[in-house]
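Asker: One structure coming up, written as structure tokens, with questions to follow.
In full-length UniProt numbering, the protein residues as written are 1 to 102.
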């Protein structure tokens, strides 16, 4: 029963893995299911970890680059933006700026 299952599973492996079909007396490295599959798993895990590290590195570099020159806008900057959008006129801008003491 198990030999038939191993043989059927071996049909889905690459040609070099079915060199030792169960029943010939020698199970060539566990028919490709042993350390070969573990190596394949570690290779996949390696690429996933590498991709995650690259994404984190790009995000970290981008965040560090953005944070170097940015600052929170102060009240005068907000007043300038409101003046530029036309929400307030020049007199109101000057009055509010004077009220802020700047």
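No residue lacks a Cβ here, since even glycine has one placed at the ideal position from N, Cα and C.
Give the C-beta separation of residue 75 and residue 100 to the nearest angstrom, bearing in mind that I take them to be a contact with Cβ-Cβ under 8 Å.
Answerer: Going by Cβ atoms, the distance from residue 75 to residue 100 rounds to 5 Å, so yes, they are a contact pair.
Asker: Within 10 Å of its beta-carbon, does residue 53 have 16 or more other beta-carbons around it, so buried, or fewer, so exposed?
Answerer: It is exposed - the Cβ of residue 53 has fewer than 16 other Cβ atoms within 10 Å.
Asker: So what does DSSP say about residue 86, is it helix, strand or coil?
Answerer: Correct three-state label for residue 86: coil.
Asker: Let me confirm a value: residue 79 is counted as buried when at least 16 other C-beta atoms fall within 10 Å, else exposed. Which label applies?
Answerer: Residue 79 should be labelled buried.
Asker: Return the CA-CA distance between residue 103 and residue 57, expressed in angstroms with no decimal places.
Answerer: Not covered by the structure: residue 103. The range shown for the chain is 1 to 102.
Asker: In the structure shown, what three-state DSSP assignment does residue 44 receive?
Answerer: It is helical.
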